[in-house]
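Numbering (my numbering), first residue to last: 43 to 381.
For each residue, glycine too, the CB sits at the ideal point set by N, CA and C.
Fair warning: this is a prediction, and the values are worked out from it, not measured in the lab.
Read the structure below first, then the notes.
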Amino acid sequence: MSRAFFIRGAHDGYVAPFNLRKGQPGEVLLDVASVGLCGSDLHYYKDGGIGSAVVKEPFVPGHEFGGYLCEDFGGLSKGALVAVDPNKACGHCEYCEKGYANLCPNVEFIGAPPFNGAMTERIWVPSSQIVPLPENFTPLEAVMLEPLGVAIHAVDLAKPKLLEQVALVGCGPIGLLILQVLKVAGAGEILAVDPLEHRRDMAARLGAARTGSSVNDIRAWTSREGTPLVIEATNSPLGFRDAVLASKIGGRIVLVGIPDGDTYTLPAAEARRRGLKIKFARRMGEVYPRAIELVAGGKVDVTSLVTHQVGLDEAPDTFRNHADNAPGYIKSLIYPNGL
Ligand SMILES: [Zn+2]
Ligand SMILES: [Zn+2]
Numbered sequence: 043m044s045r046a047f048f049i050r051g052a053h054d055g056y057v058a059p060f061n062l063r064k065g066q067p068g069e070v071l072l073d074v075a076s077v078g079l080c081g082s083d084l085h086y087y088k089d090g091g092i093g094s095a096v097v098k099e100p101f102v103p104g105h106e107f108g109g110y111l112c113e114d115f116g117g118l119s120k121g122a123l124v125a126v127d128p129n130k131a132c133g134h135c136e137y138c139e140k141g142y143a144n145l146c147p148n149v150e151f152i153g154a155p156p157f158n159g160a161m162t163e164r165i166w167v168p169s170s171q172i173v174p175l176p177e178n179f180t181p182l183e184a185v186m187l188e189p190l191g192v193a194i195h196a197v198d199l200a201k202p203k204l205l206e207q208v209a210l211v212g213c214g215p216i217g218l219l220i221l222q223v224l225k226v227a228g229a230g231e232i233l234a235v236d237p238l239e240h241r242r243d244m245a246a247r248l249g250a251a252r253t254g255s256s257v258n259d260i261r262a263w264t265s266r267e268g269t270p271l272v273i274e275a276t277n278s279p280l281g282f283r284d285a286v287l288a289s290k291i292g293g294r295i296v297l298v299g300i301p302d303g304d305t306y307t308l309p310a311a312e313a314r315r316r317g318l319k320i321k322f323a324r325r326m327g328e329v330y331p332r333a334i335e336l337v338a339g340g341k342v343d344v345t346s347l348v349t350h351q352v353g354l355d356e357a358p359d360t361f362r363n364h365a366d367n368a369p370g371y372i373k374s375l376i377y378p379n380g381l
């Protein structure tokens with residue numbers, strides 16, 4: 043009998059025995075090396091769901107993970123470390139055919155209810171979703187490819203111009219990855235805000251030109267004009283509003299965050315009068331090769347973001363600490379088979 047971390051409902055997470063399901067044809071079995079605790083996992087934990095994706099029965103979260111092959115597969119030997127793309131799109135709907143697999147309405151996403159995720163010792167995954175890794179990659183790097191992919195997708199949507207000033211609203215793990223990808227993409231000064239001091243410190247360390255605690259700082263630094271490009275990566279219902287307030291007239295906004303309570307609060311006139319162009323980011327497109335290249339080439343520092351690495355038994359406390367915004371927590375990784 044293996045074990046897993048389960049979410050049963052709001053603020054109700056626990057470790058318990060878990061029956062590994064039978065593998066299907068075309069699936070590969072992995073020993074889970076490491077799993078990231080993502081903001082979306084935290085929403086399932088805090089709210090018991092995200093929009094229509096509701097936790098109806100105990101489910102195992104975890105979609106950012108790396109694992110060791112339990113048998114030889116496709117030129118890789120048993121024991122090789124691989125990453126997994128959690129998004130299994132149907133491949134034949136209108137959106138898949140247009141190349142938007144991230145928007146497929148028939149998607150099966152590993153670690154989004156009702157599909158159990160990787161916060162367990164072993165997992166079967168479709169072989170088509172296995173991502174081979176360079177030899178020297180660590181479990182930490184394998185995990186961070188997925189959130190880095192979200193950041194790459196956000197910057198793809200944002201299309202920063204060379205040396206363009208950018209406001210970054212929210213400096214959690216995704217925001218801090220976006221910050222670094224923006225720099226690789228040639229963006230100019232990045233003005234980053236977050237209410238939590240330790241996240242601001244990390245943003246400064248990773249190259250933000252200025253850091254502050256709220257959107258009022260961005261307004262003050264830009265003579266109340268705002269910036270031409272704003273990327274929002276918060277979990278706040280006010281994230282959309284703050285992005286609007288940080289934006290210059292005629293500016294572009296990319297919304298990446300998932301708001302607590304699944305609702306945005308926004309003064310309409312502030313947005314309308316600016317004539318804004320707004321995009322919503324949904325997961326990611328074809329990003330893994332670039333994510334691997336960024337990590338392998340040392341262009342993005344994923345290691346500094348990982349503040350906590352724990353075993354499965356510490357998962358409940360780790361979720362609680364993230365829900366409470368405990369000081370010092372940025373990104374936590376869980377190692378279901380031990381560190
Ligand atoms: Zn994630
Ligand atoms: Zn589809």
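In this structure, Cys-138 has its beta carbon at no less than 6 Å from each heavy atom of ligand 1. The DSSP-derived three-state label of Tyr-371 is coil.
Around the C-beta of Met-43, fewer than 16 other C-beta atoms lie within 10 Å, and the residue is accordingly described as exposed.
Non-local beta-carbon contacts of Leu-182 in its own chain, meaning distances under 8 Å to residues more than five positions away in sequence, involve Ser-76, Val-344, Thr-345, Val-348, Gln-351, Leu-375 in chain order. Shown here, Phe-361 sits in a helix according to DSSP, grouped into three states. Residue pairing by DSSP places Ile-232 opposite Val-208 in a beta bridge.
Not one heavy atom of ligand 2 falls within 6 Å of the beta-carbon of Asn-129. Any heavy atom of ligand 1 within less than 7 Å of a residue's beta carbon puts that residue on the list, which reads Gly-78, Cys-80, Gly-81, Ser-82, His-105, Glu-106, Glu-188, Pro-189, Val-192.
If you check the C-beta of Cys-112 against ligand 2, you find no heavy atom less than 6 Å away. Between ligand 2 and Asn-144, a heavy atom-to-CB distance of less than 6 Å is absent. Secondary structure at Leu-111: strand, using DSSP grouped into helix, strand and coil.
Here the alpha carbon of Val-342 sits roughly 10 Å from the alpha carbon of Leu-218. Fully contained in the segment 50–112 are the following alpha helix (DSSP H) runs of length 4 or more, in chain order: 81–89.
For Phe-322, the secondary structure class from DSSP, reduced to helix, strand or coil, is strand.
Ala-275 has its alpha-carbon roughly 14 Å from the corresponding atom of Arg-294. Look at Asn-61: its beta carbon is at least 6 Å from all of the heavy atoms in ligand 2.
In this structure, His-134 keeps its C-beta atom at 7 Å or more from the C-beta atom of Gly-327. When C-alpha distances from Leu-175 are compared across Arg-164, Glu-188, Ile-165, Ile-273, the shortest belongs to Glu-188.
Straight-line measurement puts the Cα of Pro-270 at about 44 Å from the Cα of Tyr-110. The beta carbons of Val-211 and Val-235 sit about 6 Å from each other, so the pair counts as a contact at 8 Å. Assignment of Ala-143 by DSSP, reduced to helix, strand and coil, places it in the helix class. Using a 10 angstroms sphere on the CB of Glu-267, the tally of other CB atoms stays under 16, which defines it as exposed. Taking non-hydrogen atoms of ligand 2 into account, the C-beta of Asn-158 is found less than 6 Å away from none of them. Short note on Cys-132: C-beta closer than 6 Å to some heavy atom of ligand 2. Counting along the chain, Ile-295 sits inside the beta strand (DSSP E) bounded by residues 289–297.
Counting every other CB atom within 10 Å of its CB across the protein chains shown gives Thr-307 a total below 16, marking it as exposed.
Remark: C-beta atoms of Gln-171 and Val-124 do not approach each other more closely than 7 Å. A distance criterion of 6 Å places the beta-carbon of Cys-213 beyond contact range of ligand 2, judged by its closest non-hydrogen atom. Excluding the 5 residues flanking it on each side, Gly-254 has same chain C-beta neighbours closer than 6 Å at Val-235, in chain order.
For Glu-267, there is no enclosing alpha helix (DSSP H), as DSSP gives it neither H nor E.
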